[in-house]
Ligand code: HEM
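Residue numbers (our numbering): 3 to 418.
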C-alpha cells in the first residue's frame, strides 16, 4: 500500500504494549519454574496473578488498539478521526491496568478497573465502527473479520464484568480461547487484506473466503456458549468449528501453497526477496502453531488431568501463533508509526529459532512435570525451567534486530 500518512497516535500504545510484554513474560518465566518444582520465594510468586493481566489486558489490548488506530483508517486511505479520543482511550486502558494492582491490595473495588477498560474499548470500537462504514476500494471482506473481532472483545469484557459480580464459574480454557479469538480474528482481518499482495500479488480465494467468514461467525457464537460452561461438549464443538475456520482461512490465503508463484519469485531481489522469505516462513510456522493449539485444546477436553494440554493450548496460541504473527507484521507496521523504514535484509533468524526452541523445551517440560502421571525427573527442572527465559531473550534479540534495521524513511519500501 502507498505510504500516505504517519500514525503518531499508535506510538504510545505500541511502546507500552512491548514494555508490558517484557514484564508479563518475566513473571511467566518465574511462574513456569515454580510449576516445574524450582523453589521461588513467596513474595516473588505473589506476582503471578499479574501475568494474565499484563499479557491480555496490557500487552495484547494495547497493541491491537494501537495497530487498529493505524491500520483501519489506512485500509480506506483516511486519516484517523478524533485522535484526542484515541489518546483518551489509551489513558483509560493504562489507568485500568494500574488500578488492578491496587485492587489486588484491596485498596479499590474490583470493578473500577473493568469499567475503565471497557471505556477505552468502547472508544476504540466506536471509532472503528465509524470507519468501517466507509467502503474500502478493495477486499471489503477483511472488515467482517475486524468487526467480529471487536464484537468478541466487547462481549468478553462485558460478560466478565457482569458474571464476576455473581462469582459465575466460566469454563476457564474456553474463556481464554474466546479472549484470544479477539486478536486472532483481528489478525485474520489484516492478513486477508495484505498477505496476498505481499507474497505474490494474488487475491484470496473468493468462495473459501466466504466459507471462512460463515465458520468464523459460528466460532464466535460457540465460543461464547462454551465459555459460559453450559455443557461439557460445547468446548469440543467450538474447537472443531474453530479449527475448520482456521484451516479454511489458510486455504483461502494460500498459506501452505496452492498457487504457482515461481514466475513472480524470479522478480524478487534484494530487500523484496528478503521480505518475501521472512513472510512465507513465518506465516507457515504461525499457522502450524494455531492448528496445533486447537488440537491440543481438544486433547485437554479428553484428558483433563493432563495440565500440559491446558498450558500448551494457551501458549501455542499466544506465543506460537500471535507472537510469530506480530514478529511478521510489526516490521511492516512500524514505519508509519515511527516514521522510519525497516530493512529485512538486515534480519536474522535467531529470534525465530529461540522461540521455537523455547516452545519445544516447554512441551517436553510440561509433559514431564505437569500431568497426573508425570515422572518429574530430579535436577532437570532447571533445564526445562529455562523455556520462559528463552522467550524473554528472543524478545530482546528481536527488539535489537529491529532497531539495527531502521533507516530514515524511504518511500520505495513497501509498508502496510
Ligand atoms: C515467556 C513467555 C511466557 C511464559 C513463561 C508463560 C508462563 C505461564 C504460566 C506458567 C502460566 C500458568 C500455567 C497455565 O495456566 O498455563 C501461564 C498462564 C497464562 N498465560 Fe502465560 N506465559 C508466557 C507468555 C504468555 C503470553 C505472551 C500470553 C498472552 C499474550 C500469555 C497468557 C497466559 C494466560 C491467559 C494464562 C492463563 C492464566 C490463568 O489461567 O488465569 N502467556 N503462563
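By construction, the Cβ of each residue, glycine as well, lies at the ideal position given by its N, Cα and C atoms. For clarity, every value in this text was computed on a predicted model and none was experimentally measured.
Here's the rule: buried if 16 or more other CB atoms are within 10 angstroms of the residue's CB, otherwise exposed. What is residue 12? The count along the chain shown starts at 1 and reaches residue 12 at position 10. Classification of residue 12: buried, given that the 10 Å Cβ count is 16 or more.
Separation of residue 307 from residue 10, as counted between CA atoms: Taking the first residue of the chain shown as 1, we reach residue 10 at position 8. Taking the first residue of the chain shown as 1, we reach residue 307 at position 305. Residue 10 and residue 307: Cα-Cα distance of roughly 48 angstroms.
Alpha-carbon to alpha-carbon, residue 49 and residue 106: In the chain shown, residue 106 corresponds to position 104, counting from 1. In the chain shown, residue 49 corresponds to position 47, counting from 1. Rounded to the nearest angstrom, the two C-alpha atoms are 10 angstroms apart.
State yes or no: is the C-beta of residue 279 nearer than 7 angstroms to some heavy atom of ligand 1? Your numbering for residue 279 matches position 277 in the chain shown. Flag unset: Cβ of residue 279 not near ligand 1.
Among the residues of its own chain, which have a CB less than 6 angstroms from the CB of residue 353, if the five just before and after it don't count? Here residue 353 is taken as the residue at index 351 of the chain shown, counted from 1. Non-local beta-carbon contacts of residue 353 in its own chain, meaning distances under 6 angstroms to residues more than five positions away in sequence, involve 396, 399 and 400 in chain order.
Nearest to residue 320 by CA position, among 160, 288 and 297, is which residue? Locating residue 320 in the chain shown gives position 318, counting from the first residue. Closest option to residue 320, judged by alpha-carbon separation, among 160, 288 and 297: 288.
Residue 2 (DSSP reduced to helix, strand or coil): Outside the modelled stretch of the chain, which goes from 3 to 418, sits residue 2, for which no answer is possible.
Coarse secondary structure for residue 329, derived from DSSP in three states: As a position in the chain shown, residue 329 is number 327, starting the count at 1. Here residue 329 sits in helix by DSSP.
Okay, do the stretch 339-356 and the stretch 257-271 touch, 3+ Cβ pairs below 8 angstroms being the bar? With a cut-off of 8 angstroms, the stretch 257-271 and the stretch 339-356 do not count as touching, because too few Cβ pairs lie within range.
In chain order, what are the residue ranges of uninterrupted alpha helix (DSSP H) at least 4 long that sit wholly in the stretch 337-396? Correct list: 352-371 and 383-386.
Is it the case that the CB of residue 345 approaches a heavy atom of ligand 1 more closely than 7 angstroms? On the chain shown, position 343 is the one that residue 345 refers to. For residue 345, the shortest separation between its Cβ and any heavy atom of ligand 1 does not lie below 7 angstroms.
Does the Cβ-Cβ distance between residue 394 and residue 127 come in under 8 angstroms? The residue labelled residue 394 in the question sits at position 392 within the chain shown. The residue labelled residue 127 in the question sits at position 125 within the chain shown. Not a contact, by the Cβ cut-off of 8 angstroms.
Under the rule that 16 or more other beta-carbon atoms within 10 Å means buried, what is residue 92, buried or exposed? Position 90 of the chain shown, counted from the start, is the residue given in the question as residue 92. Residue 92 should be labelled buried.
Whose C-beta lies closer than 7 angstroms to the C-beta of residue 372 among residues of the same chain, with five residues either side of it excluded? Mapped onto the chain shown, residue 372 falls at position 370. Scanning its chain for C-beta atoms nearer than 7 angstroms, with the 5 sequence neighbours on each side dropped, one finds around residue 372 the residues 37, 309, 310 and 313, in chain order.
Say yes only if the C-beta of residue 358 is nearer than 7 angstroms to one or more non-hydrogen atoms of ligand 1, and no if none qualify. Here the question's residue 358 lines up with position 356 in the chain shown. Distance from the C-beta of residue 358 to the nearest heavy atom of ligand 1 is not below 7 angstroms.
Answer yes or no: the CB of residue 135 versus the heavy atoms of ligand 1, is any distance below 7 angstroms? As a working note, residue 135 is residue 133 in the chain shown. In this structure, residue 135 has its beta carbon at no less than 7 angstroms from each heavy atom of ligand 1.
The stretch 143-160 in contact with the stretch 214-224 per 3-pair CB rule at 8 angstroms: Contact check between the stretch 143-160 and the stretch 214-224: three or more CB pairs, one atom from each, fall below 8 angstroms, which counts as touching.
Can you look up residue 50 in the DSSP assignment and give me helix, strand or coil? As a working mapping, residue 50 is identified with position 48 in the chain shown. Coil, per DSSP.
What distance in whole Å lies between the Cβ atoms of residue 237 and residue 290, which are believed to be in contact at a cut-off of 8 angstroms? Locating residue 290 in the chain shown gives position 288, where the first residue counts as 1. Locating residue 237 in the chain shown gives position 235, where the first residue counts as 1. With a Cβ gap of about 22 angstroms, residue 290 and residue 237 do not count as contacting.
Three-way DSSP call (helix, strand, coil) for residue 408 in this model: Residue numbering aside, residue 408 sits at position 406 when the chain shown is read from its first letter. DSSP, reduced to helix, strand and coil, places residue 408 within a strand of the structure shown.
Report whether the distance from the Cβ of residue 92 to the nearest heavy atom of ligand 1 is below 7 angstroms. Position 90 of the chain shown holds residue 92. The answer is no for residue 92.
Counting pairs of Cβ atoms below 8 angstroms between the stretch 15-32 and the stretch 60-73, do you hit three or more? Judged by Cβ distances under 8 angstroms, the stretch 15-32 makes contact with the stretch 60-73, as three or more pairs qualify.
Among the candidates 363, 389, 345 and 86, whose CA atom is the shortest distance from the CA of residue 407? The count along the chain shown starts at 1 and reaches residue 407 at position 405. Cα-wise, what sits closest to residue 407 is 345.
Determine the direct distance from the alpha carbon of residue 130 to that of residue 82, and round the result to whole angstroms. Position 80 of the chain shown holds residue 82. Position 128 of the chain shown holds residue 130. Each residue's alpha carbon lies about 9 angstroms from the other.
By the 10 Å Cβ neighbour count, where 16 or more other Cβ atoms means buried, how is residue 140 classified, buried or exposed? Here the question's residue 140 lines up with position 138 in the chain shown. Under a 10 Å Cβ-count criterion, residue 140 is classified as exposed, with fewer than 16 other Cβ atoms of the shown protein chains found around its own Cβ.
Hey, which unbroken runs of the beta strand (DSSP E) at 3 residues or more fall wholly within the stretch 188-247? For the stretch 188-247, not a single whole beta strand (DSSP E) run of length 3 or above is found.
Limits of the alpha helix (DSSP H) - the one that residue 11 falls within: If you number the chain shown from 1, residue 11 lands on position 9. Segment: none, residue 11 is in no alpha helix (DSSP H) and carries neither H nor E.
Contact check, residue 224 vs residue 240, beta carbons under 8 angstroms: By one-based count along the chain shown, residue 224 stands at place 222. By one-based count along the chain shown, residue 240 stands at place 238. Yes, they are a contact pair.
Between which two residues does the alpha helix (DSSP H) carrying residue 105 extend? As a working note, residue 105 is residue 103 in the chain shown. From DSSP, the alpha helix (DSSP H) with residue 105 extends over 85-106.
Beta-carbon proximity list for residue 78, same chain, < 6 angstroms, skipping 5 on both sides: Reading the chain shown from its first residue, position 76 is the one you call residue 78. Within its own chain, the residues whose Cβ lies closer than 6 angstroms to the Cβ of residue 78, once the five positions on either side in sequence are excluded, are 136 and 138, listed in chain order.
Nearest-angstrom Cα distance between residue 42 and residue 32? Within the chain shown, numbered from 1, the residue matching residue 42 stands at position 40. Within the chain shown, numbered from 1, the residue matching residue 32 stands at position 30. Answer to the nearest angstrom: the Cα atoms are 8 angstroms apart.
With C-beta atoms as the reference, is residue 257 less than 8 angstroms away from residue 286? By one-based count along the chain shown, residue 257 stands at place 255. By one-based count along the chain shown, residue 286 stands at place 284. A contact, by the Cβ cut-off of 8 angstroms.
Does the beta carbon of residue 292 fall short of 7 angstroms from some heavy atom of ligand 1? As a working mapping, residue 292 is identified with position 290 in the chain shown. No, ligand 1 has no heavy atom inside 7 angstroms of this Cβ.
Please look up how many angstroms separate the CB atoms of residue 206 and residue 194, rounded, as I've assumed it's under 8 angstroms. On the chain shown, residue 206 is found 204 positions in, with the first residue counted as 1. On the chain shown, residue 194 is found 192 positions in, with the first residue counted as 1. Right, the Cβ-Cβ distance comes to about 6 angstroms (below 8 angstroms), so this counts as a contact.
Among 323, 385 and 327, which has the Cα closest to the Cα of residue 196? Stepping through the chain shown from its first residue, residue 196 is reached at position 194. Of the listed residues, the one whose Cα sits closest to residue 196 is 327.
Would residue 180 and residue 226 qualify as a contact pair, given that the criterion is a beta-carbon distance under 8 angstroms? The residue given as residue 180 occupies position 178 in the chain shown. The residue given as residue 226 occupies position 224 in the chain shown. In this structure, residue 180 places its C-beta atom within 8 angstroms of the C-beta atom of residue 226.
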